[in-house]
Every structure is written in structure tokens, then in C-alpha cells.
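Order-wise, the sequence lines are chains P and D. Just so you know, the first sequence maps onto residues 1 to 111 in our numbering. Just so you know, the second sequence maps onto residues 1001 to 1117 in our numbering. Structure, as C-alpha cells:
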Amino acid sequence: DAKTTQPNSMESNEEEPVHLPCNHSTISGTDYIHWYRQLPSQGPEYVIHGLTSNVNNRMASLAIAEDRKSSTLILHRATLRDAAVYYCILRGSNSGYALNFGKGTSLLVTP
Amino acid sequence: GAVVSQHPSWVICKSGTSVKIECRSLDFQATTMFWYRQFPKQSLMLMATSNEGSKATYEQGVEKDKFLINHASLTLSTLTVTSAHPEDSSFYICSATTSGGANGELFFGEGSRLTVL
């Protein structure tokens, strides 16, 4: 399976933008880049996904590098409720279209 | 958004007993469901993939006779932990999708916390 690399943890101040990086240098041409987040003792929650073009939704933006070997999840204004573990996952046929979770990035948001 | 519900949210059982966890897609038909487990301070680990009406596909190292998965309808999948032991204590999470392929989101349940005494 194509792997992703994320920082173990990041910290942000409330109401400031947050840029969560993800490297996926072995991505295949048909892999989609998915982002999920998980709050303690809860199931993961979908954030955003994309293939080649940048994507925006009400939760976040996803910036995908032109060579697709990296991407960045952007939270435009962090709130305390955004404190979670964020997972960057490649989803494709090699994994049976399942999501294989790595360690993710633990985001701490301080007031 | 689509809702996936798990039941029970938590369960405590004695060693040697079997426990069944249900995963329901409440407002959509799930062609594929995935089961995960998560130990404390660790990431989610995929256990198996189940398609409605077919036998589940288990990940390497997951005992299919111990973790029985049934996906009898498009809205219900069950995971039965047979002859549970303390090392099976974990957070079990299901997810469901309406479409095949890599495009589209997965919807996750709230998780079921199993404690085996």
C-alpha cells in the first residue's frame, strides 16, 4: 500500500489558519487523497478528499501538489473543536478501496 | 450527512463468552462495510471488508473464526467476537460506503468499546 507521512503533532492558536502537511511520494495515478479526523473515543469523521485539483468544502481546503506527491489540509480558522487526530490516507484499488490509517497528526488548538 | 450507527456503544463481558456488535447504515444502502479495531493510543487497524451477500475478506493476522462478520443486508453488518479474551478488549469501529471505488467518503460509526474481564 502507498504510505503517507505526517508530523506526529502540531499546535495552533484558536482562530488562526492551520496547514497540516502530508507526504505521499509513492502515490499511484488512481489513488485518491483522503483526510479524516478523529476525536477521542469517537469514530473518524470525513473531512475532504481529492484526486488532482484543489478542493474546498465547508470544513476545510485541500491543496494538492502538482506532482501529487504531497498535499496540505488547510483549516481556515481553527477552533477548539478542531482539536483531533488528522489522518491523511491514500485510497485506491491496491487496498481494496479500504482506508488504511497511519498514525496521523495530533492537532492541539490553544485558546 | 449519512449516518452509521453501532450498537452497543460499550459492552463488558466475561472471558470465554461471545459478543455481537451491530453496524447499521440508517439512511443509505451500504454496498461495502469495513471493520476496524483500535487499541489505546494507537491508530485504527483494518480487520476485514464485507460486501453484502458475500463472505468477508479478512486482513492478514485477523482470525476469521474468531471474528465472525455477517453482512446479510445492505443496511446491516455484524461482528461477533467469539470466545472473547482480555486481549480482545478494544474499540471496534465500522464504516460503510455506498459506492465502490476510491472516490467518495466513508461513513463511520461511533464505535463500540469492548472490555473482556
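All C-beta atoms, glycine included, are put in the ideal place defined by N, C-alpha and C.
Using the beta-carbon of each residue, which ones in chain P are nearer than 7 Å to residue 1076 of chain D? Contact of residue 1076 of chain D with chain P by beta-carbon distance below 7 Å is absent, the smallest such distance being about 17 Å.
Kindly identify the DSSP beta-bridge partner or partners of residue 1045 of chain D. Residue pairing by DSSP places residue 1045 of chain D opposite D:1037 in a beta bridge.
Alpha-carbon to alpha-carbon, residue 1060 of chain D and residue 82 of chain P: Our two residues, residue 82 of chain P and residue 1060 of chain D, have alpha carbons roughly 34 Å apart in a direct line.
Hey, out of P:14, P:97, P:12, whose CA is closest to residue 32 of chain P's CA? Residue P:97 is the option with its Cα nearest to residue 32 of chain P.
Environment of residue 1105 of chain D [buried if 16+ CB atoms lie within 10 Å]: A buried status is given to residue 1105 of chain D, since no fewer than 16 other beta-carbon atoms sit within 10 Å of its beta-carbon.
Between residue 12 of chain P and residue 99 of chain P, which are expected to be in contact by the criterion C-beta below 8 Å, what is the C-beta distance as a whole number of angstroms? For residue 12 of chain P against residue 99 of chain P, the beta-carbon gap comes to about 25 Å, at or over 8 Å, which does not count as contact.
Contact set for residue 102 of chain P: own chain, Cβ-Cβ below 6 Å, skip 5 residues either direction: Only 4 meet the Cβ criterion.
Determine, using beta carbons only, whether residue 1096 of chain D and residue 1013 of chain D come nearer to each other than 8 Å. Using a Cβ distance threshold of 8 Å, residue 1096 of chain D and residue 1013 of chain D do not count as a contacting pair.
Is residue 58 of chain P buried or exposed, if buried means 16 or more other CB atoms sit within 10 Å of its CB? Residue environment: residue 58 of chain P is assigned as exposed (fewer than 16 neighbouring CB atoms within 10 Å of its CB, all protein chains considered).
At least 3 beta-carbon pairs within less than 8 Å: the segment 30–47 of chain P vs the segment 84–93 of chain P: Because the criterion of three Cβ pairs below 8 Å is met, the segment 30–47 of chain P and the segment 84–93 of chain P touch.
Residue 1069 of chain D versus chain P: which residues are under 7 Å apart at the beta carbon? Per Cβ cutoff of 7 Å: no residues; residue 1069 of chain D is ~13 Å from chain P at best.
Can you tell me the Cα-Cα spacing of residue 40 of chain P and residue 23 of chain P, whole angstroms? Each residue's CA atom was taken as its position, placing residue 40 of chain P and residue 23 of chain P some 25 Å apart.
Measuring CA to CA, which of P:46, P:44, P:84, P:92 is closest to residue 29 of chain P? With distances taken between Cα atoms, residue 29 of chain P lies closest to P:92.
Have a look at P:109, P:110, P:51, P:104 and flag the residue whose alpha-carbon is nearest the alpha-carbon of residue 1041 of chain D. When only C-alpha atoms are compared, the closest one is P:104.
Taking Cβ-Cβ distances shorter than 7 Å, what residues in chain D pair up with residue 91 of chain P? Listed by position along chain D, the residues whose Cβ is nearer than 7 Å to that of residue 91 of chain P are 1102.
C-beta contact flag for residue 1018 of chain D and residue 1115 of chain D at 8 Å: No, the Cβ-Cβ distance between residue 1018 of chain D and residue 1115 of chain D is not below 8 Å.
Could you check if residue 1006 of chain D is buried or exposed, using at least 16 other CB atoms within 10 Å of its CB as the buried criterion? With 16 or more other Cβ atoms from the protein chains shown falling within 10 Å of its own Cβ, residue 1006 of chain D counts as buried.
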